[in-house]
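Novice: Below is the structure I would like to discuss, written out as structure tokens.
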Amino acid sequence: MEVLLRETVEKLGDRGSVVKVADGYARNYLFPKRLAVRLTDGNMRQLEIEKRNYEKKVLSERSGAEEAKAKLEEMTFTVSKRAGESNQLFGSVTSQELSELLKDKGFEIDRRKLQLPQIKELGEYEVQAKLHQEVSATFKLVVVGQ
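Shown next as structure tokens:
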């Protein structure tokens with residue numbers, strides 16, 4: 165029986181692939197778990213529509229990420245923290261604090277997508293933000309004393 169995979173199945177194929185499998189395997193495993201559908205013209209057309217919509221969505225997300233990257237890389241962000249005599253911070257600058265600062269400036273970036281170095285003293289730092297799976301931005305963070 166030929167089936168159209170709706171999800172990637174290990175050792176069988178990727179999403180959207182047409183594969184030939186045993187009837188029992190399809191009926192007892194692939195169909196109940198909604199991993200595949202019987203190969204018909206209607207299902208093939210539906211898959212093509214889904215692929216086009218997915219590609220449009222990815223393209224628009226990527227273009228939005230490219231715009232955000234251009235804006236982010238031009239900006240410098242400043243964080244004010246308490247520090248001791250030797251410019252040593254009491255605590256550190258966290259990704260959560262930076263995420264909230266970015267949110268206030270109009271950038272919605274999850275804290276887990278920010279890669280910042282250990283910030284334990286005053287100074288300038290380079291921070292990387294993963295905006296999209298293919299787009300990363302690097303911007304400056306300045307830590308000043310209160």
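If you're matching positions, the sequence shown starts at 165 in the working numbering and goes up one per residue.
The C-beta atom is built at its ideal place from N, Cα and C for all residues, glycine as well.
None of the values given here were measured: they were computed from a predicted structure.
#1: Taking only three categories from DSSP, how would you classify SER148?
#2: Using 8 Å as the Cβ pair cut-off and three pairs as the minimum, do the stretch 243-254 and the stretch 196-214 touch?
#3: Cα-Cα, which of VAL257, ALA301, HIS296, ILE273 is closest to PRO281?
#4: How is GLN310 classed by DSSP in three states: helix, strand or coil?
#5: By a C-beta neighbour count over all protein chains shown, 10 Å radius and 16 as the cutoff for buried, is ALA234 buried or exposed?
#6: Helix, strand or coil: how does DSSP classify LYS215 here?
Specialist: Taking the geometry as given:
#1: The chain is shown only over 165 to 310; residue 148 falls outside these bounds and no answer can be derived.
#2: no
#3: VAL257
#4: coil
#5: exposed
#6: helix
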